[in-house]
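Remarks on the structure that follows.
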Amino acid sequence: MSFTEAAQAVLVAAQDKAKSLSHQQLDVLHLLQAQLSDSDGLAMRVLKMVSGDQQQLKSSVEAGLKQFPKVSPAPEEVVPNHACRSALSEAQKLSKEKGD
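The sequence shown begins at 182 in our numbering and counts up one residue at a time.
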């Protein structure tokens, strides 16, 4: 899959987060957490525009990530789960349609 540099940075950050939490699979929550960590990123700009509660969303994402099973030792590589693969496929489809 080919994505913009910004999207690739989000993917790398999400994978790093999954590894640091000893998660075997990459989930959409890892992607969201990575986006919320970038205060200048698209997700945070949209959240600010709709007057969303940033801290509440961040806390909810962190709580959700804590529910994922951990493996020991931590994996060297994480693979996208079904939900994440679907989201990434849809993102790539939209990117092609929009000419990004």
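Think of the CB as a built atom: it goes at the ideal place given N, C-alpha and C, for glycine as much as any other residue. In this text the structure is predicted, and so the values were computed from the model without any measurement.
Would you check if the region 222–229 and the region 268–277 touch, i.e. whether three or more CB-CB distances between them fall below 8 Å? Note that the region 268–277 does not touch the region 222–229; fewer than 3 beta-carbon pairs, one per stretch, sit closer than 8 Å.
For Val191, I'd like the list of residues in its chain whose CB is within less than 7 Å of its CB, leaving aside the five on either flank, ordered along the chain. Leu212, Ala215 and Gln216
Would you grab the beta carbon distance between Ala264 and Ser203 for me? Rounded to a whole angstrom, and I think it's under 8 Å. About 19 Å; that fails the 8 Å criterion.
Can you give me the Cβ contacts of Ser218 inside the same chain, cut-off strictly under 7 Å, excluding the 5 residues immediately before and after it? Ala194
Hey, would you say Leu207 sits closer than 8 Å to Val242, going by beta carbons? No Cβ-Cβ contact shorter than 8 Å links Leu207 with Val242.
Per-residue DSSP class, three states only, for Val231: coil
Have a look at Lys229 and Pro250 and give me their C-alpha separation to the nearest angstrom. 32 Å
Starting from the C-beta of Val252, find all residues in its chain whose C-beta is less than 8 Å away, skip the five residues before and the five after it, and write them out in chain order. Ser203, His204 and Gln205
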